[in-house]
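According to our numbering, the stretch in the sequence shown is residues 5 to 131, in order.
The next block holds one structure in the form of structure tokens; read it before the comments.
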Amino acid sequence: MIANPFKRRRIKEETLRLRQEVAELKKTLDLERRKRAEDDERDRIGAIFRRVYDQAPHPGGIVGLDGTLQHANLAAGDLIGIDPSQFIGLPFWETPWWTHSAAAREQLRDGLRRAAQGELVQFETTH
Numbered sequence: 005m006i007a008n009p010f011k012r013r014r015i016k017e018e019t020l021r022l023r024q025e026v027a028e029l030k031k032t033l034d035l036e037r038r039k040r041a042e043d044d045e046r047d048r049i050g051a052i053f054r055r056v057y058d059q060a061p062h063p064g065g066i067v068g069l070d071g072t073l074q075h076a077n078l079a080a081g082d083l084i085g086i087d088p089s090q091f092i093g094l095p096f097w098e099t100p101w102w103t104h105s106a107a108a109r110e111q112l113r114d115g116l117r118r119a120a121q122g123e124l125v126q127f128e129t130t131h
């Protein structure tokens, strides 16, 4: 037993501080584990979606807010007979799917611009 009351008090204070630090570390570890599990689940669901999307019988693509093509499925490539991955990063209206009509390209470009601003844009076009 420690006879010096000042040492005893310091030991109690240090013990309390260490317990609080351990509790904070446990919280941080729990949050990290939860975040990792959520990220893993999101990746798993994303992989399932990508497989379904890539094997869909209808052409489809994902376009960024700036109008650049981010992904096109296999059916989109089959439509033009070219691997669609070579057009990733191009403005969507400059891809081969729209070479048949300057008016369609302009309509698409304008529609994507308006959609990026939050407007619901719908129109029919041809390929």
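Just so it is clear, CB atoms sit at the ideal spot from N, CA and C, and this is done for glycine as well.
- [ ] Please classify T99: is it buried, with 16 or more other beta-carbons within 10 angstroms of its beta-carbon, or exposed?
- [x] On the sequence shown, position 95 is the one that residue 99 refers to. Counting the other Cβ atoms within 10 Å of the Cβ of T99 gives 16 or more, which makes it buried.
- Near P61, which residues of its chain fall below 7 Å by C-beta distance, leaving aside the five closest residues on each side in sequence? Translated into positions along the sequence shown, residue 61 becomes position 57. For P61, where only same-chain residues beyond five positions count, the Cβ hits under 7 Å are A79.
**Study point:** Cβ pair D58, N77 closer than 9 Å
**Key:** Your numbering for residue 58 matches position 54 in the sequence shown. Your numbering for residue 77 matches position 73 in the sequence shown. A Cβ-Cβ contact shorter than 9 Å links D58 with N77.
task: Could you check if R38 is buried or exposed, using at least 16 other CB atoms within 10 Å of its CB as the buried criterion?
output: By one-based count along the sequence shown, residue 38 stands at place 34. So R38 ends up on the exposed side.
* To do: Only counting runs of 3 or more residues, tell me where the beta strand (DSSP E) segments fall wholly within the region 22 to 98, in order along the chain.
  => If you keep only unbroken beta strand (DSSP E) runs of at least 3 residues inside the region 22 to 98, you get 65 to 67, 73 to 76.
Practice prompt. Tell whether a beta-carbon distance below 9 Å holds between A120 and L69.
Written response: Reading the sequence shown from its first residue, position 116 is the one you call residue 120. Reading the sequence shown from its first residue, position 65 is the one you call residue 69. A120 places its beta carbon less than 9 Å from that of L69.
Practice task
Could you tell me how far apart the beta carbons of L124 and W101 are, in whole angstroms, since I believe they sit closer than 8 Å?
Solution key: Indexing the sequence shown from 1 puts residue 124 at position 120. Indexing the sequence shown from 1 puts residue 101 at position 97. Rounded, the Cβ-Cβ distance is 22 Å, inconsistent with contact.
Self-check item: CA nearest to the CA of Q111, picked from L94, G93, T130, Q24
Solution: Counting from 1 along the sequence shown, the entry for residue 111 is found at position 107. Residue T130 is the option with its Cα nearest to Q111.
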